Amino acid sequence: MEKIWFALYNLLVIPFLYVGLRIGGIFNKKMRTGIIGRKRVFENLILNAINLDKSKELIWFHSSSLGEFEQAKPIIESLKQNVKINVLVTFFSPSGYENSKKYPHADLVAYIPFDTSFNAKKFIKIVKPSLAVMMRYDIWPNYIKVLTDAGIPIYLVDATMKNDSPRKYPVSKMFHKMLFKKFTRILTVSEEDAKGFKEFDCTDKQLKAVGDTRFDRVYHRSLKASEKNLLRPDILKNKKVIVAGSTWEADEEILFPVMIKLAARHPELLFIITPHEPTLLHLEKIENELARKIPSIRFSFLNNYKNERVIIVDSIGILLTLYTYAHITFVGGSFKSNIHNVLEAAVYGIPVIYGPKIENSQEATSLVKEGGGIIVRNKIELYRKLKWLITDENSRKKIGEMSAEYVRKNLGATEKILSEILSII
């Protein structure tokens, strides 16, 4: 039956995906970048692998994109501290690859070649991993089969299985039952996720709930971020700071009228807006919407700061550090389609407010249950919640402590995963 499944996958699914990527590459710059980047992937791997210390075992970490790779980083860095190994990191998405080419703890960084049987065999023959670690959900069947046939252990880490996962659809479920059996270990984020994998006939020997490395990653990054000084003390003096992180236009339509109304009543407020995509067009749109109602300044012009009420962040990669200055946070994406990372704010022990579209985030849902997250559904609710937190210091601190406690009690997944990996290498 396995042969039939793989024959169907290679005859029907792979050609469809390949053609889809090629057509998509004509219109989509991101897809086109990924196609171009894969042209010399094997040649580059062979050339770069020459300099590896062949006396060390190689562990391969694969992530779909940059977000999943953030979950892999604490594992990689802990491994490097404990054992002498080579680490290969691969990505499917250009965003992951382009932003991680110079990651200092990886010995090799590459795109994963497209999932054909030929590519998988050639790739494994070149890199010769002792262990393959797949992050979260990005598993490619031909690679899994080749690894299994070669007797190479495969771990699925930070694994989740939602109740409404497409993998549970009848035909897909039959295929994935066959596929998941090939994994040596499936280390899940929660006991609930482990139960989800049991629906695919995964065994108790395969499954273990260990937690989510995102908590460890955010916590350690927050310690370093707190040491940075992005804002001058005079800018922050006597201010209450509200940071809105990774906002989209749908979020800003709700947020900006509330900001303007609050700023008129509370002169101590300073707003920091970090658009998810700080393009020139988006920055100008924000400035135009706020013009004449509330003075603003771009982050890159802060040397000319003259008590503007809004700082518009026109660079990327500094949001986690900006949260250190916040008394209250609003996390974007929650009025668009998918909320962004709530842990980056919660780790600092501050109330985290967001819109209703949080189905993609277990953390956002859990943070509300723990008391550190607050859902608002419209402008009126957002105004009332912000007004309450601005004026009620005790409530603000109490909710913030609940946020911090939620992060603290979920630390430790990295150590558990490290123990599982060290047991077989």
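In case it helps, our numbering puts the sequence shown at residues 9 to 433.
Cβ atoms here follow ideal geometry from the backbone N, Cα and C, with glycine treated the same way.
None of these values were measured; they are calculated from a predicted model.
| Asked | Found |
| --- | --- |
| Inter-residue spacing [alpha-carbon to alpha-carbon] between L277 and K247 | 6 angstroms |
| Spatially closest choice to H184 from D172, E207 and K203, by CA coordinates | E207 |
| Under 7 angstroms between C-beta atoms of A375 and V350 | The sequence shown places Leu at residue 375, rather than the Ala named in the question. Against a cut-off of 7 angstroms, the Cβ pair of V350 and L375 comes out as a contact. |
| Helix, strand or coil at P359 [DSSP, three-state] | coil |
| Inter-stretch contact at 8 angstroms, needing at least 3 Cβ pairs: the segment 272 to 292 / the segment 312 to 320 | yes |
| CB-CB length for V251 against L310, believed under 8 angstroms | Incorrect: roughly 15 angstroms between the Cβ atoms, too far for contact. |
| Segments of 4+ residues assigned as alpha helix (DSSP H) that fall wholly inside the segment 86 to 168 | 102 to 106, 125 to 135 and 149 to 157 |
| N- and C-terminal bounds of the alpha helix (DSSP H) containing K269 | E257 to R273 |
| L310: CB within 6 angstroms of a non-hydrogen atom of the ligand ATP | Ligands displayed in this structure: none; no statement on the ligand ATP is therefore possible. |
| Rounded straight-line distance, which links the Cα of R240 to that of K314 | 12 angstroms |
| Under the three-state DSSP convention, the category T192 falls into | coil |
| Delimiting residues of the beta strand (DSSP E) encompassing H70 | E65 to S71 |
| Backbone secondary structure at A57 - three-state DSSP | helix |
| Span separating the alpha-carbon of D61 from that of S304 | 53 angstroms |
| Beta bridge counterpart(s) of G253 as assigned by DSSP | T282 and V339 |
| Outcome for R46 when other beta-carbon atoms lying within 10 angstroms are tallied against a minimum of 16 | buried |
| Where A334 falls: helix, strand or coil (DSSP) | coil |
| Residue(s) in a DSSP beta bridge with L215 | I194 |
| As assigned by DSSP and simplified to three states, the class of G28 | helix |
| Where R317 falls: helix, strand or coil (DSSP) | coil |
| The segment 146 to 161 in contact with the segment 120 to 130 per 3-pair CB rule at 8 angstroms | yes |
| Beta-carbon proximity of M169 to Q79, cut-off 7 angstroms | no |
| Nearest to F223 (by Cα), restricted to the options F24, E200, D166 and L87 | D166 |
| Contact set for T196: own chain, Cβ-Cβ below 6 angstroms, skip 5 residues either direction | A167, A202 and A217 |
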